[in-house]
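In the UniProt record's numbering, the protein residues as written are 1 to 181.
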């Protein structure tokens, strides 16, 4: 099966993304600076890995990093309702402040499932930071404390976000434009 012909148009420039992540890092640092408990960033793979790396460098307090893999996407552009946990955390989060780091919130189904799973592990607090949010696509109301950008309902790529495992390497956020055959 071949992918439809398409192009990627820049939506948010590399410089804009970097500036926004610096602001998010500062806000998160200020929020947790007097928390007294450990902070654990939980990146949702694969899409969040670039955002997570840049964000953790902007957070100026000691913190741990861990990862989960949860998926509701197949190989194409459409999300499914079936959420699967493919990789779980390596560390115990009980009694710690946990910040879930997500690349993009679409329906909210995946993030809601991850939040439910992590809440059962008794963290001291549980918050969410996402680079991109598509509020018009939301099926599940998930509280999000830090949002990089709220965007229109376009299929986006770049900065770790893929289309059929392509375009993660782009240093900006672009959107996929399908071309007529």
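Built from N, CA and C at the ideal position, the CB exists for glycine as well.
Cβ pair residue i, residue j closer than 8 Å
i           : j           : result
residue 7   : residue 44  : no
residue 103 : residue 150 : no
residue 148 : residue 130 : yes
residue 140 : residue 107 : yes
residue 96  : residue 124 : yes
residue 161 : residue 133 : no
residue 33  : residue 50  : no
residue 156 : residue 175 : yes
residue 111 : residue 119 : no
residue 142 : residue 93  : no
residue 68  : residue 173 : no
Straight-line gap, residue i to residue j (C-alpha atoms, nearest Å)
i           : j           : result
residue 70  : residue 179 : 30 Å
residue 137 : residue 152 : 9 Å
residue 75  : residue 63  : Confidence is the limiting factor: at residue 75 the pLDDT is only 49, short of 50, which leaves the residue's position unreliable, though a coordinate-based value still follows. Answer to the nearest angstrom: the Cα atoms are 33 Å apart.
residue 13  : residue 85  : 32 Å
residue 5   : residue 98  : 41 Å
residue 91  : residue 66  : 7 Å
residue 23  : residue 15  : 13 Å
residue 18  : residue 26  : 12 Å
residue 55  : residue 21  : 6 Å
residue 31  : residue 146 : 11 Å
residue 42  : residue 113 : 14 Å
Neighbourhood of residue i by C-beta, 7 Å cutoff - its chain only, sequence neighbours within 5 removed
i          : result
residue 1  : Reliability fails at residue 1, whose pLDDT of 49 lies under 50, so the model's placement of it is uncertain and no value is given.
residue 59 : 25, 28 and 29
Backbone secondary structure at residue i - three-state DSSP
i           : result
residue 49  : helix
residue 152 : coil
residue 23  : helix
residue 90  : coil
residue 127 : strand
residue 12  : strand
residue 75  : Per-residue confidence for residue 75 stands at a pLDDT of 49, beneath the threshold of 50, marking its modelled position as unreliable; the derived number appears in the next sentence. Correct three-state label for residue 75: coil.
residue 63  : coil
Sequence-distant residues of the same chain with beta carbon closer than 8 Å to residue i, five excluded per side
i           : result
residue 177 : 6, 7, 8 and 9
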